[in-house]
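Chemist:
Chains as they are written, first to last, in this note's numbering: chain X, 69 to 156; chain C, 55 to 301.
(1) Anything in the region 174 to 199 of chain C with a Cβ closer than 9 Å to a Cβ of chain X? List those residues in chain order, please.
(2) What residues are listed by DSSP as bridge partners for residue 278 of chain C?
(3) Taking the beta strand (DSSP E) that residue 9 of chain C falls in, what are its first and last residues?
(4) So with Cβ pairs under 7 Å, would you call residue 278 of chain C a contact of chain X?
(5) Would you report the Cα separation of residue 67 of chain C and residue 74 of chain C, rounded to the nearest angstrom?
(6) In whole angstroms, what is the alpha-carbon distance linking residue 245 of chain C and residue 143 of chain X?
(7) From residue 148 of chain C to residue 250 of chain C, what does the alpha carbon distance come to, in whole angstroms?
(8) Do three or more CB pairs link the region 275 to 288 of chain C to the region 170 to 184 of chain C at distances below 8 Å?
(9) How should residue 254 of chain C be labelled, buried or exposed, when 16 other C-beta atoms within 10 angstroms of its C-beta is the threshold for buried?
(10) Exposed or buried, which one is residue 80 of chain X when buried takes at least 16 other CB atoms within 10 Å?
(11) Taking contact to mean at least 3 C-beta pairs separated by less than 8 Å, is the region 112 to 128 of chain C in contact with the region 202 to 222 of chain C?
(12) For the alpha helix (DSSP H) holding residue 156 of chain C, just list the boundary residues, first then last.
(13) Run down chain C in chain order and give the residues with a C-beta less than 9 Å from the C-beta of residue 128 of chain X.
(14) Is it right to say residue 101 of chain C is buried, meaning 16 or more other beta carbons lie within 10 angstroms of its own, or is it exposed?
(15) In chain order, what residues of the same chain lie with their CB nearer than 8 Å to the CB of residue 76 of chain X, ignoring the 5 residues before and after it?
(16) For residue 81 of chain C, write down the residues that DSSP places opposite it in a beta bridge.
(17) For residue 256 of chain C, which option in C:85, C:168, C:226 has the closest C-alpha, if you only look at C-alpha atoms?
(18) Along chain X, which residues have their Cβ under 7 Å away from the Cβ of residue 134 of chain C?
(19) Note down, in chain order, every chain X residue with its Cβ under 8 Å from the Cβ of residue 137 of chain C.
(20) Comparing alpha-carbon positions, which option in X:146, X:89, X:148, X:99 lies nearest residue 113 of chain X?
(21) Below 9 Å on C-beta distance, what does residue 106 of chain X contact in chain C?
(22) How many Å lie between residue 62 of chain C and residue 108 of chain C at the Cα?
(23) How about residue 233 of chain C and residue 199 of chain C: are their beta carbons less than 7 Å apart?
(24) Determine whether the beta carbon atoms of residue 193 of chain C and residue 299 of chain C lie at a separation below 7 Å.
(25) Starting from the C-beta of residue 231 of chain C, find all residues in its chain whose C-beta is less than 6 Å away, skip the five residues before and the five after it, and write them out in chain order.
(26) Could you run through the region 89 to 114 of chain C and flag, in chain order, every residue whose CB is less than 9 Å away from some CB of chain X?
(27) Quick check: what's the CA-CA separation for residue 87 of chain C versus residue 187 of chain C?
(28) List the residues of chain X that residue 239 of chain C touches, going by C-beta distances under 8 Å, in chain order.
(29) Nearest-angstrom Cα distance between residue 224 of chain C and residue 115 of chain C?
(30) Which residues does DSSP list as the beta-bridge partners of residue 70 of chain X?
(31) Could you check whether residue 167 of chain C and residue 89 of chain C sit closer than 7 Å to each other, using their CB atoms as the reference points?
(32) Just how far apart, CA to CA, sit residue 169 of chain C and residue 89 of chain X?
(33) Use the C-beta contact count for residue 218 of chain C: other C-beta atoms within 10 angstroms, 16 or more gives buried, fewer gives exposed.
(34) Does residue 103 of chain X get closer than 7 Å to chain C when you measure Cβ to Cβ?
(35) Does any CB atom of chain X fall closer than 7 Å to the CB of residue 228 of chain C?
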């Protein structure tokens, strides 16, 4: 099925696309059909800056298991950061 | 049967007089030929949809697929363009109708046209095929698993589309619907509701829901491909267009 659901997050940071590094403005997250990954559905994230054009995008298509593992790793990494480095 | 064909990118006049890109394929014989507007799926104006467009030409139809994402992302790769349009909430209905109208006019203007034009769409394009057939004078339509003809998108999604089943009375042509029994968008309950509405308005239609198939069973490059459903579906498409787009 097409799930159609799409979540958007404003992000601050940089990504590296086909033209080199660029400033990111948003991350678009959706669990739906992939473009490339050989699966019916994947957790897809587009890190993008629409102001710079459609190809200013870093795209990933992850199996749900690996997406959850990635989410846990992100959380664990931030939780383990030394005190004072991350505004709470 | 002579099956020589050619295909190329062209420019057509779409909604609001905008020039947009389209992929056009035609048989190389003298005609006259019926025409088919191919509406691409949500992943965009991609290689798979161009292949489908060429398939119609090898079967004796002129065929054109407008790039519905051209305005947001002219010249971009199909996946980048699809990402932009998805984040923006999809293609506005009014613009879709204008673009299909432009594509249909292009086909009818060909010297080797028989004057008849049908529409077919896949995934989001299935809903858009129905929308176009309820908004424009067309000769045949095929809806391949289009969601949100009946029912609305789930909460929290930016897709700016709503149910259009209320337009059924304006359907201008016979409608063939091809669906998967395991699909949820559209669900079999939703396609049944659409069928009831078509019957209520005494429209000509034929629906087939394939067991063992879900969404996108025609997509040969995806794991959702179901050869039995797709093969039968293609045969029904040829029969449908053969009946209603013939000279």
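Where a beta carbon is used, it is the ideal one built from N, C-alpha and C, also for glycine.
Modeler: Result, derived from the coordinates:
(1) Within the region 174 to 199 of chain C, contact with chain X at the beta-carbon level (separation under 9 Å) is assigned to 177, 178, 199.
(2) Looking at the DSSP assignment, residue 278 of chain C forms no beta bridge with any residue, so it has no partner.
(3) The first residue shown for chain C is 55 and the last is 301, placing residue 9 of chain C beyond what the model contains.
(4) Chain X, which has a Cβ nearer than 7 Å to the Cβ of residue 278 of chain C, makes this yes.
(5) Each residue's alpha carbon lies about 6 Å from the other.
(6) Rounded to whole angstroms, residue 245 of chain C to residue 143 of chain X spans 42 Å at the Cα level.
(7) Distance between the alpha carbons of residue 148 of chain C and residue 250 of chain C is about 26 Å.
(8) No, the region 275 to 288 of chain C is not in contact with the region 170 to 184 of chain C.
(9) Residue 254 of chain C comes out exposed.
(10) It is exposed - the Cβ of residue 80 of chain X has fewer than 16 other Cβ atoms within 10 Å.
(11) With the rule of 3 Cβ pairs closer than 8 Å, the region 112 to 128 of chain C does not count as touching the region 202 to 222 of chain C.
(12) Where residue 156 of chain C is concerned, the enclosing alpha helix (DSSP H) stretches over 147 to 162.
(13) At a C-beta separation below 9 Å, residue 128 of chain X has no neighbours in chain C, since its nearest C-beta there lies roughly 12 Å away.
(14) In this structure residue 101 of chain C is exposed. Its beta-carbon is surrounded by fewer than 16 other beta-carbon atoms within 10 angstroms.
(15) If we look at residue 76 of chain X and ignore the five residues flanking it on each side, its Cβ neighbours are 94, 95, 96, 97.
(16) DSSP output for residue 81 of chain C lists C:59 as bridge partner(s).
(17) Minimum Cα-Cα distance from residue 256 of chain C among the listed residues C:85, C:168, C:226 corresponds to C:226.
(18) Taking a Cβ-Cβ cut-off of 7 Å, the neighbours of residue 134 of chain C in chain X comprise 122, 123, 125, given in sequence order.
(19) The answer, in chain order, is 96, 114, 116, 122, 125, 127.
(20) Checking every option, the nearest Cα to that of residue 113 of chain X belongs to X:99.
(21) Listed along chain C are 276, 277, each with a C-beta nearer than 9 Å to that of residue 106 of chain X.
(22) Cα-Cα distance, rounded: 10 Å.
(23) The answer is yes: Cβ separation under 7 Å.
(24) Cβ distance < 7 Å, so residue 193 of chain C and residue 299 of chain C count as in contact.
(25) Hits under 6 Å: 197, 261.
(26) Going along the region 89 to 114 of chain C in chain order, one finds 95, 96, 97, 98, 100 with a Cβ nearer than 9 Å to chain X.
(27) A direct Cα-to-Cα measurement between residue 87 of chain C and residue 187 of chain C gives close to 20 Å.
(28) Within 8 Å Cβ-Cβ: 69, 70, 71, 72.
(29) Put simply, the backbone Cα of residue 224 of chain C is about 26 Å away from that of residue 115 of chain C.
(30) Residue 70 of chain X is not bridged to any residue.
(31) Contact: yes.
(32) Whole-angstrom Cα-Cα distance: 52 Å.
(33) Here residue 218 of chain C is buried, its C-beta having at least 16 other C-beta atoms within 10 Å.
(34) Chain C contact via Cβ: present.
(35) No, because no Cβ of chain X sits closer than 7 Å to the Cβ of residue 228 of chain C.
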